[in-house]
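In the numbering used here, the protein residues as written are 45 to 191. Heads up, the beta-carbon is just placed ideally off N, CA and C, and yes, glycines get one too. Have a look at the structure below, then the notes.
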């Protein structure tokens with residue numbers, strides 16, 4: 045009987061780990077899709093990743109003292125839509141994902157390098173908070189640093 049209980053608990057743990065890894069991959073896909081929308085200058089792709097009430101906070105560490113600015117869905121879409129020439133295309137390259145999940149909420153901490161028109165602009169940390177609504181992960185908050 046002890047072995048049966050052990051095996052059942054072990055299988056439940058394996059299933060939980062598999063489910064969490066599947067969710068982590070789904071969350072990563074949302075982040076990559078957002079960056080794809082930036083690079084393609086496509087507000088339709090970007091919109092698929094964002095909750096309608098999304099908020100943004102940028103902390104610019106290149107200034108002394110550091111400055112904080114905020115934005116919302118409309119401002120983000122205007123910024124994405126304004127990019128017209130190759131010299132203005134945004135490209136964000138993520139690395140070192142750290143993802144934590146609690147039911148329908150997830151937090152993603154990721155290093156990034158940002159390029160404008162193929163030229164390095166800055167680097168920093170993106171901190172995404174996502175919410176799972178109707179089986180879809182959406183970004184509800186993004187704060188990021190610029191260094």
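Just confirm the distance between the C-beta atoms of residue i and residue j, as a whole number of angstroms; I'd bet it's less than 8 Å.
i	j	result
residue 152	residue 89	Their Cβ separation, rounded to whole angstroms, is 18 Å, which puts residue 152 and residue 89 out of contact at 8 Å.
residue 136	residue 160	Not a contact, Cβ separation roughly 10 Å.
residue 138	residue 164	Incorrect: roughly 15 Å between the Cβ atoms, too far for contact.
residue 172	residue 124	In fact, because the Cβ distance is near 17 Å, the residues do not count as touching under 8 Å.
residue 184	residue 67	The Cβ separation is near 16 Å, so there is no contact.
residue 174	residue 74	6 Å
residue 130	residue 114	Actually they do not touch by this definition, with Cβ atoms about 29 Å apart.
In the structure shown, what three-state DSSP assignment does residue i receive?
i	result
residue 88	helix
residue 97	strand
residue 151	strand
residue 65	helix
residue 182	strand
residue 176	strand
residue 81	helix
State buried or exposed for residue i, treating a residue as buried only when at least 16 other CB atoms are found within 10 Å of its CB.
i	result
residue 149	exposed
residue 11	The chain is shown only over 45 to 191; residue 11 falls outside these bounds and no answer can be derived.
residue 170	buried
residue 168	buried
residue 112	exposed
residue 190	buried
- Length at least 3, wholly inside the segment 96 to 143: the beta strand (DSSP E) runs in chain order: 111 to 116
- Message: With three or more C-beta pairs closer than 8 Å as the rule, is the segment 71 to 81 touching the segment 108 to 121?
- Response: no
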